[in-house]
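Asker:
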Amino acid sequence: MLFLLSFIVKIDRLTHQSTQTAKGLFRPRVWVALLVWGGCWLGVPAEAGPGYRLLGQPTLADTSLASRCPLANAQFNFLNNGGFEMYGPSGIAVDPRGRLYVTDFGGQRVLTWPNFAALQRCQAADGVIGAGVLAGPESVAIDPRTETIFVADTLSHTVRSYRRTGTTWNPVVTLGTPGQSGNGLNQFNFPRGLAVDANGRLFVADDFNNRVLIFNAPFSNGEFAADSIGGFANGGFSGPKGLAMVGQTLFVADYNKNRVLRFTGPFKTPNQVYAATAIFTGVTNPVDVGIHPDGSLLVTDQGNQRIARYKNAVLSGSVNAPSSTFADNIGPEPLGVAADRLGQIYIADYRDFRVLIRTERLKTAPINSASTATTKALLADLYARPKRTTQRVAIGQQLITWKYGPKTDPDAWYGAWLKMEQRGWPLPKIMGGELKDLMSYPGFSPNQNALNELIRFGQSGQIVTLVWHPPNPTGGGFGKPISTAALRDMVKPNTAIGRRWQTQLNRAAAVLTQFRDAGVPVLFRPLHEQNGNFFWWGDNGASQAALLERQVAWNAMWRNMVTELTVRKGLNNLLFVFGTNQVNYSEVAPPLTYYPGSAWADVVSMDVYQDQLNLAGSDRGLQHYAALIGTGKPFGLAEFGQSFDQNGTGPNGSAWDARTLTRRVRDSYPRAAFATAWYSSVEGGKPYIFALPDVSFGLQLLRDALIDTQP
237 MLFLLSFIVK IDRLTHQSTQ TAKGLFRPRV WVALLVWGGC WLGVPAEAGP GYRLLGQPTL
297 ADTSLASRCP LANAQFNFLN NGGFEMYGPS GIAVDPRGRL YVTDFGGQRV LTWPNFAALQ
357 RCQAADGVIG AGVLAGPESV AIDPRTETIF VADTLSHTVR SYRRTGTTWN PVVTLGTPGQ
417 SGNGLNQFNF PRGLAVDANG RLFVADDFNN RVLIFNAPFS NGEFAADSIG GFANGGFSGP
477 KGLAMVGQTL FVADYNKNRV LRFTGPFKTP NQVYAATAIF TGVTNPVDVG IHPDGSLLVT
537 DQGNQRIARY KNAVLSGSVN APSSTFADNI GPEPLGVAAD RLGQIYIADY RDFRVLIRTE
597 RLKTAPINSA STATTKALLA DLYARPKRTT QRVAIGQQLI TWKYGPKTDP DAWYGAWLKM
657 EQRGWPLPKI MGGELKDLMS YPGFSPNQNA LNELIRFGQS GQIVTLVWHP PNPTGGGFGK
717 PISTAALRDM VKPNTAIGRR WQTQLNRAAA VLTQFRDAGV PVLFRPLHEQ NGNFFWWGDN
777 GASQAALLER QVAWNAMWRN MVTELTVRKG LNNLLFVFGT NQVNYSEVAP PLTYYPGSAW
837 ADVVSMDVYQ DQLNLAGSDR GLQHYAALIG TGKPFGLAEF GQSFDQNGTG PNGSAWDART
897 LTRRVRDSYP RAAFATAWYS SVEGGKPYIF ALPDVSFGLQ LLRDALIDTQ P
């Protein structure tokens, strides 16, 4: 068996970076996938090389088998398997809770540590997965939705999954047949890269079969793939290795063709034909890919022993050269690459038995460099909140600003706040309003009382947030997505649509200027829930090339809006919130589908109306939480409340337990920095009960140690 394995491996490595021996054989090179979900600082001491830290070796000077960390489960192992030399770490993943996973190729196992942020020098792993079963694990990926890890056990031609119960890691499913290669849809011939999309689909780079297989969840032993991607529209793959997925975009490292292909989804199986929407070249033997939170594509350029970087990779066209590269401190065989939510870059230094951590940091200042001091302080506060053990979540209440009247009227815009004041409750730290209700223009008068109160509230040192539901600039309906061509026209001043949109921006700026002049920073959330299909600015169900066109048009519109308000209008008091909708039915796209990039949003959020505050209907939706916190931006629930349908929240709406919020923060969304309850209303004769004083246990929620209210 060992002889046969060695022989197979030598054939396998023909598609890796290879050096020919005198006998004409090829020295094997091992490929690696490196993924980081969420991610935190790796707490090991700084080393001699500035900007780098380590996992697996004590110092940067240590690169040998003998110099490794001393404890058995703190080191990456070496194995001579019938003449085939198997070296160190091969794949990395960090789940949203901060648990770290590393595939130890030479040790034929996966090591796991409980708290990525609290690792000490040469700390031993607290769990070992797959020892005695795995033959050569090269990559690992996590499905946050089910808290399952997938391992590409390349040398056994399988993909295995595990789930933890207590302290025990139990096998769940095996895809492929152990020890047998093949080209059927239930077989692999050296599986390499792994990726899991927002719907739980598993993507597997099937190296020797020159394809990427797609498996639909839930999985069973020996399951057949639902579909495959062969890259035939682009000449076919030749040795696909690393995979990376963000939103509805898949990147594939096409090793022998010296390129990375980008495919735009959604990946609705079966029998779809996929053509690349961009090709990235200028590298030699790309072996792995990763997405940096700044939007750049990271590529292990193995032939040049460096990491290559391509800016704006989700939206750009094809590129024939990297935007930048780096090679410092990288050993003779760089393999896997990834980035965490802080912007740090991880490189699997395979033959040096270590993982290098390049200490880049994502920008945490406002995207507008001219922001006021109070605006900067507000953003810094949001970044700091997840570290708090108490008063972590700034709680908010949305005003019903479309109901005019005096502040003392319990049935008008201030009604929910008035109830809390009269009951002597702690008061929310965030007050929300609708921007269009505060505008003044011919034929429309603002809710001046609400505008004055919002400004007063902000001046008192509390947080103001404004959502904006602008009218359709095409003149059409409010609830149906406009065409992509119309989206493009919004940024063209010589079109009727562009002129109408500019008028709306002018009106928005006139209101926001009043907050600026009063010294009030604003969490500004325009064009929210764009991943749904229920607003004119929303997703229209386009796929592949048509979806890319819409993403580009939507991003151009968003970026033009940001530029108009900050540069041309001089508004230096805005923090732009990229707000998404819960993915509660099939027509809602993954939350990062239209993400404009780290340079164009300050904060990310999700709106959720579900009895258990699940982000994906009956599922908790941790994959969507993981995606949003993976941007590195402060995260919150910009709107929250119970479920509703055509009958509103029903006759028992007041029975909903507001304490559900803190339960979810504690068990599922620990990085939530803020949460704003929507208002209660009666619309079409149906009750919609969401406001804190109108549901059950609102007072207990406000008094919870996790909740931050006004002093």
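In this text, residue positions in the sequence shown follow our numbering: the first is 237, and each later residue adds one.
Heads up, the beta-carbon is just placed ideally off N, CA and C, and yes, glycines get one too.
#1: Mapping the DSSP letters down to three states, classify L598 as helix, strand or coil.
#2: In whole angstroms, what separates the C-alpha of Q508 from that of G458?
#3: DSSP three-state call for Y924: helix, strand or coil?
#4: Curious, which full-length beta strand (DSSP E) runs of at least 3 residues does the segment 648–685 contain?
#5: Check whether the Cβ atoms of R542 and H528 lie closer than 9 Å to each other.
#6: Comparing C-alpha positions only, which one of S822, V840, D855 sits nearest to Y830?
#7: Bridge partners for E952 per DSSP, in chain order?
#8: Quick check: P350 and D362, are their CB atoms within less than 9 Å of each other?
#9: If you draw a straight line from the C-alpha of I465 to the C-alpha of A852, how long is it?
#10: P642: which of L598, N796, N688 sits nearest, CA to CA?
#11: The beta strand (DSSP E) that contains N218, what's its start and end?
#12: Pull up the DSSP beta-bridge partners for E321, would you.
#13: So L592 packs on L391, CB below 8 Å; how close in whole Å?
#14: For Q634, name the three-state secondary structure that DSSP assigns.
#15: So what does DSSP say about F562, is it helix, strand or coil?
#16: Could you tell me which residues DSSP pairs with T701 in its beta bridges?
#17: Under the rule that 16 or more other beta-carbon atoms within 10 Å means buried, what is N435, buried or exposed?
#18: For T410, is the classification buried or exposed, using 16 other Cβ atoms within 10 angstroms of its Cβ as the cut-off for buried?
#19: Grab me the residues of R743's own chain with a C-beta within less than 7 Å of its C-beta, minus the 5 sequence neighbours each way, in chain order.
#20: Any contact between the segment 417–424 and the segment 891–908? By contact I mean 3 or more CB pairs, one from each, below 8 Å.
#21: Would you mind sorting T644 into buried or exposed? The rule is 16 or more other CB atoms within 10 Å of its CB.
#22: Return the first residue and the last residue of the alpha helix (DSSP H) that R735 is part of.
#23: Beta-carbon within less than 6 Å of G768's beta-carbon, same chain only, minus the 5 sequence neighbours each way: which residues are those?
#24: Work out the CA separation of T896 and F933 for me, nearest whole Å.
#25: Within its chain, find whatever has a CB closer than 7 Å to the CB of C358; leave out the 5 residues flanking it on each side and keep chain order.
#26: Since P325 contacts T339 with CB under 8 Å, what's their CB separation in whole angstroms?
#27: Pull up the distance between the alpha-carbon of L783 and that of N317, whole angstroms please.
#28: What whole-angstrom Cβ distance do R396 and V387 have, given they're in contact under 8 Å?
#29: Tell me the DSSP bridge mates of L873?
#30: Determine the DSSP secondary structure at D944, reduced to helix, strand or coil.
#31: If you count every other CB in all the chains shown that lies within 10 Å of the CB of K869, and 16 or more means buried, which is it?
#32: Bridge partners of R447, per DSSP?
#33: Where does G774 sit, in a helix, a strand or coil, going by DSSP?
#34: Give the DSSP bridge partners of P407, in chain order.
#35: Straight-line CA distance for T625 to E875?
#36: Run through DSSP, which three-state label would F953 get?
Answerer: Taking the structure as given:
#1: coil
#2: 22 Å
#3: strand
#4: 666–670
#5: no
#6: V840
#7: For residue 952 there is no data in the structure shown, the boundaries of the chain being 237 and 947.
#8: yes
#9: 27 Å
#10: N688
#11: Residue coverage of the chain in this structure runs from 237 to 947, which leaves residue 218 outside it and unanswerable.
#12: N316
#13: Their Cβ separation, rounded to whole angstroms, is 25 Å, which puts L592 and L391 out of contact at 8 Å.
#14: strand
#15: strand
#16: G668, L759
#17: buried
#18: buried
#19: M675, Y677
#20: no
#21: exposed
#22: 732–753
#23: G774, N817, V824
#24: 10 Å
#25: P294, C305, P306, L307, A310
#26: 7 Å
#27: 47 Å
#28: 5 Å
#29: M842, A911
#30: strand
#31: buried
#32: D442
#33: coil
#34: Y398
#35: 23 Å
#36: Outside the shown range of the chain, which is 237 to 947, sits residue 953, and nothing can be said about it.
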